[in-house]
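Read through the structure below, which is laid out as structure tokens, and then see the notes.
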């Protein structure tokens, strides 16, 4: 508001001063024209009088009373002229700076009036002209002067009016300008108040609210109760903040769910590996240990008969260890290629479960990043394990296809299906983990299923990620 006040005062001041000085100069020109008109008229009358009635030879001749009366009659006759006002007068001055006509303000002067003013000096030196200077009364006047064109007569004529009287209209204009300026300033203050309260105030509120939101304070609201555009904007702004707060809460909840799913997946994987080690490899090793203990006190012939069974048990344990190792880290991707690793996974699950798994692939997957291959392998592994454990499927089809920019994975089974909820991601954490891996690959994940209709999983990822 202070800024608008300064701008308003400055603008009004500049306009006021400009208007005042323009009007003042115009008024001076007009007053000067009026004085010139009066001076010219009186000068013409005096010159006619001297050229017709008398003949002066030089300036040394005395002026008779009759001549003086005629001069005063011409100089003091203001009825025939306009522009002299209350303080204007016209008079004659000789080369001795003595006033030759009667003064309008000193009717009863007993001594000659000495007039050595700037206007008179300029008149003798330069002839015709105008000037603002003090007169013989030491009053500031607007003067118009000229020389009398009479042979042998070295006089000048001066027409003057008090400067204050000449400037009366400009003073009235100045007062009017001050009055108008006050009115304009009041209007500017009113407009500045309206702008400050109705425009600047809401903008400041929005700015402060935006700063608080940028700092993470989503409880910030903009309180504007007006029904104008700012009120509507504030309502929309607050609704946006509520939406952001809700989305933030949902994102935090989803993040917590993801972390929980990650840890849950890790724990489940640890439990699975623990069971496989305990129920599979550990039992195999215990059986080998017991066989070796039983052979301790046997003769060589019995030991040779049991050696084949012992080697078979050891090889089976090695296969079991390789299976667990492959589940932990699919090294086959590096050793045999991406397609063969998935094919081996399908064959392994087929052997352990008896479910028929058809795997087909189209394209070249050598240039796909290792990270993408591992994630896709884990998705296939998770999908096959889920299908074997939960779907009761007799056949599973796995199809891997390379396009110009993407890798498309389709896993379809003929199992019992389920009621799929995209928000809850169906049963358990398996689908959730698959979707999270697809998101990390900047991919899209979709599930098509319903009870007794089987399940199809669609996955498309960018092969350069």
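Residue numbers (the numbering used here): 316 to 780. Virtual Cβ for every residue (Gly too), placed ideally from N, Cα, C. Just so it is clear, the structure is predicted and the values come from calculations on it, not from any experiment.
task: Look at residue 704 and residue 732 and say whether their C-beta atoms are less than 8 Å apart.
output: Counting from one through the chain shown, the residue named residue 704 turns up at place 389. Counting from one through the chain shown, the residue named residue 732 turns up at place 417. In this structure, residue 732 does not lie closer than 8 Å to residue 704 by Cβ.
- request: Output the distance between the C-alpha atoms of residue 590 and residue 632, rounded to the nearest integer angstrom.
  value: Residue 590 sits at position 275 when you count from the first residue of the chain shown. Residue 632 sits at position 317 when you count from the first residue of the chain shown. Going by the C-alpha atoms only, they are around 15 Å apart.
query: Going by DSSP, what residues sit across from residue 723 in a beta bridge?
result: Taking the first residue of the chain shown as position 1, residue 723 is located at position 408. Answer by DSSP bridge pairing, in chain order: 716, 775.
query: Which word fits residue 779, buried or exposed, when buried means at least 16 other C-beta atoms lie within 10 angstroms of its C-beta?
result: Here residue 779 refers to the residue found at position 464 when the chain shown is read from its first residue. By the neighbour-count rule (16 or more Cβ atoms within 10 Å), residue 779 is not buried but exposed.
- prompt: Looking at the structure shown, is residue 373 part of a helix, part of a strand, or coil, going by DSSP?
  reply: What you label residue 373 is simply residue 58 of the chain shown in a count that begins at 1. Per-residue confidence for residue 373 stands at a pLDDT of 41, beneath the threshold of 50, marking its modelled position as unreliable; no derived number is given.
query: Mind checking whether residue 693 and residue 750 have CB atoms under 8 Å apart?
result: Counting from 1 along the chain shown, the entry for residue 693 is found at position 378. Counting from 1 along the chain shown, the entry for residue 750 is found at position 435. Residue 750 sits away from residue 693, with the two beta carbons spaced by 8 Å or more.
field: Pairwise C-alpha distance: residue 756 and residue 523
entry: Numbered from 1 along the chain shown, position 208 holds the residue referred to as residue 523. Numbered from 1 along the chain shown, position 441 holds the residue referred to as residue 756. Cα to Cα, the separation comes out at about 39 Å.
field: Residue interval of the alpha helix (DSSP H) (run including residue 675)
entry: One-based indexing of the chain shown puts residue 675 at position 360. Element bounds for residue 675: not the alpha helix (DSSP H) but the beta strand (DSSP E), 671-677.
query: If you run the structure through DSSP and keep just helix, strand and coil, what is residue 358?
result: Along the chain shown, one-based indexing puts residue 358 at 43. Correct three-state label for residue 358: helix.
task: With a 10 Å radius around its C-beta and 16 neighbouring C-beta atoms as the bar for buried, classify residue 785 as buried or exposed.
output: Only positions 316 to 780 of the chain appear in the structure, and residue 785 is not among them; the question remains open.
query: Once you ignore the five residues that flank residue 437 on each side, which residues in its own chain have a CB closer than 8 Å to its CB?
result: Against the chain shown, residue 437 aligns to sequence position 122. Same-chain partners within the cutoff: 444, 446, 460.
task: Determine which residues share a DSSP beta bridge with residue 710 and list them.
output: Locating residue 710 in the chain shown gives position 395, counting from the first residue. Partner(s): 671.
- request: State the Cα-Cα distance for the pair residue 546 and residue 521, rounded to the nearest angstrom.
  value: Here residue 546 corresponds to residue number 231 of the chain shown, with the count starting at 1. Here residue 521 corresponds to residue number 206 of the chain shown, with the count starting at 1. For residue 546 and residue 521, the distance between alpha carbons rounds to 11 Å.
query: Are there three or more Cβ pairs, one per stretch, closer than 8 Å when the stretch 380-389 is compared with the stretch 476-485?
result: Inter-segment contact for the stretch 380-389 and the stretch 476-485 is absent: fewer than three beta-carbon pairs are separated by less than 8 Å.
task: Just list the alpha helix (DSSP H) runs in the stretch 497-557, keeping only unbroken ones of 4 residues or longer that don't cross its boundaries, in chain order.
output: Restricting attention to alpha helix (DSSP H) runs no shorter than 4 residues, the stretch 497-557 encloses them at 516-529, ordered along the chain.
DSSP beta-bridge partners of residue 446: For this step, residue 446 is matched to residue 131 along the chain shown. Per DSSP, 458.
message: Tell me the rounded alpha-carbon separation between residue 658 and residue 611.
response: Numbered from its first residue, the chain shown carries residue 658 at position 343. Numbered from its first residue, the chain shown carries residue 611 at position 296. Rounded to the nearest angstrom, the two C-alpha atoms are 43 Å apart.
message: Bridge partners for residue 475 per DSSP, in chain order?
response: Stepping through the chain shown from its first residue, residue 475 is reached at position 160. Residue 475 is bridged to 404, 458.
- prompt: Between the C-alpha atoms of residue 372 and residue 341, what's the straight-line distance to the nearest angstrom?
  reply: On the chain shown, position 57 is the one that residue 372 refers to. On the chain shown, position 26 is the one that residue 341 refers to. Unreliable placement is indicated for residue 372, whose pLDDT of 37 sits below 50; the coordinate value is still reported in the next sentence. When rounded, the separation of the alpha-carbon atoms in residue 372 and residue 341 is 43 Å.
Cα-Cα separation, residue 684 to residue 539: For the purposes of this step, residue 684 is identified with residue 369 of the chain shown, where counting begins at 1. For the purposes of this step, residue 539 is identified with residue 224 of the chain shown, where counting begins at 1. Pairing residue 684 with residue 539, the inter-Cα distance amounts to about 54 Å.
query: How is residue 742 classed by DSSP in three states: helix, strand or coil?
result: Start at 1 with the first residue of the chain shown, and residue 742 comes out as number 427. The predicted position of residue 742 is uncertain, since its pLDDT is 47 and thus under 50; no value can be drawn from it.
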